[in-house]
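Colleague:
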Ligand code: UVW
């Protein structure tokens, strides 16, 4: 028998789900989900206010793809209108670029195998990838809530290690990631406005207010279900750094520029209802995170909302095209590696204009 409070919470959850499930065709023809306000979200036991676990569950099945649910056929169809020129760019940085991976991670390896001795002139190849050591998606089983050791939608660390739940194959099985990408070219904006940017291997924090200002400066309006991509200068720094500087910056220091982890950012991200976020830096958020608040953005994005995080994407050519086109939105496709229970993957991301 549910208690009064349980009954009330269930009603709030149902109302929230009804609102979420209602795809609304607004006056502008933009189709989107209606989310409850951050403070009105039903409380999830043991998790902070703002957690959306359960909202995407359907027919008694626990959801495993989080905010990728926002990429409905209607949203994709609308996003496809971004294709106006047929120009396209792949956003994966070359996997061998990170010569000195941080956090003890192993370096990318690539071996070409000559099959001639078998009597047939041909080549095969083999690769070793730590999916965190280059352009990547973090899946919904990459990072747990550090206090409860839970992943998105209530998956325990123990179950995450033993099962394929929340794995990246779920993204492949839904047809990959396809939608509207929006570049927030913070680096270009910063250089025009302030001159020399902060070091990409310092833990400079980019506040949400600046993301908003950059969008305004670019004349870009976001839509629910967008894939928001921030350029902060990490890949550009790496492209021009000497091997010694790279070793110091990526392997020895473990610090990196990124989005600020505070309540203002959490609320800003929630209110924009992005399907996924990505960036050119190693952790999307400034690293190491402050943790004085008791959490980092990885926990909000991956755990509380099920929002994939892209890291170390190559946004250099994209920045130039956006500036040339005076347009910072584009059609985006991403085909992650189809690995059952995969934790991360090179994004296989393509921006199409
Ligand atoms: C860092 O490496 C800091 O972040 P992630 O594990 O998401 O790559």
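Numbering (my numbering), first residue to last: 39 to 391. Where is the CB? At the ideal position from N, CA and C, for every residue including glycine. These figures come from a predicted structure and were not determined experimentally.
(1) Does the ligand UVW have a heavy atom nearer than 7 Å to the CB of residue 176?
(2) Measuring from the CB of residue 182, is there a heavy atom of the ligand UVW at a distance below 7 Å?
(3) Could you compute how far the alpha carbon of residue 340 sits from the alpha carbon of residue 182?
(4) Rounded C-beta distance between residue 216 and residue 109? I'm assuming under 8 Å.
(5) Taking only the alpha-carbon atoms, compute the straight-line gap between residue 75 and residue 312 and give it to the nearest angstrom.
(6) Please list the terminal residues of the continuous alpha helix (DSSP H) segment that includes residue 115.
(7) Distance, Cα to Cα, residue 318 vs residue 221?
(8) Within the same chain, show all residues whose beta-carbon is closer than 6 Å to that of residue 145, passing over the 5 residues directly before and after it, in chain order.
(9) Starting from residue 152, trace the beta strand (DSSP E) both ways and give me its first and last residue.
(10) Bridge partners of residue 217, per DSSP?
(11) Would the segment 296-313 and the segment 323-332 be scored as touching if the rule is three or more Cβ pairs under 8 Å?
(12) Return the chain-ordered list of same chain residues with a C-beta closer than 6 Å to the C-beta of residue 365, the five sequence neighbours on each side being excluded.
(13) Name the residue from 292, 202 and 231 whose alpha carbon lies nearest to the alpha carbon of residue 378.
(14) Cutting at 7 Å between CB atoms, please list the residues of its own chain near residue 117, excluding the five before and the five after it.
(15) Would you say the beta carbon of residue 306 comes nearer than 7 Å to a heavy atom of the ligand UVW?
(16) Measure the Cβ-Cβ separation of residue 384 and residue 172 and say whether it is below 8 Å.
Modeller: To lay it out plainly:
(1) yes
(2) no
(3) 8 Å
(4) 6 Å
(5) 15 Å
(6) 111-117
(7) 11 Å
(8) 139
(9) 147-152
(10) 370
(11) yes
(12) none
(13) 202
(14) 217, 218 and 369
(15) no
(16) yes
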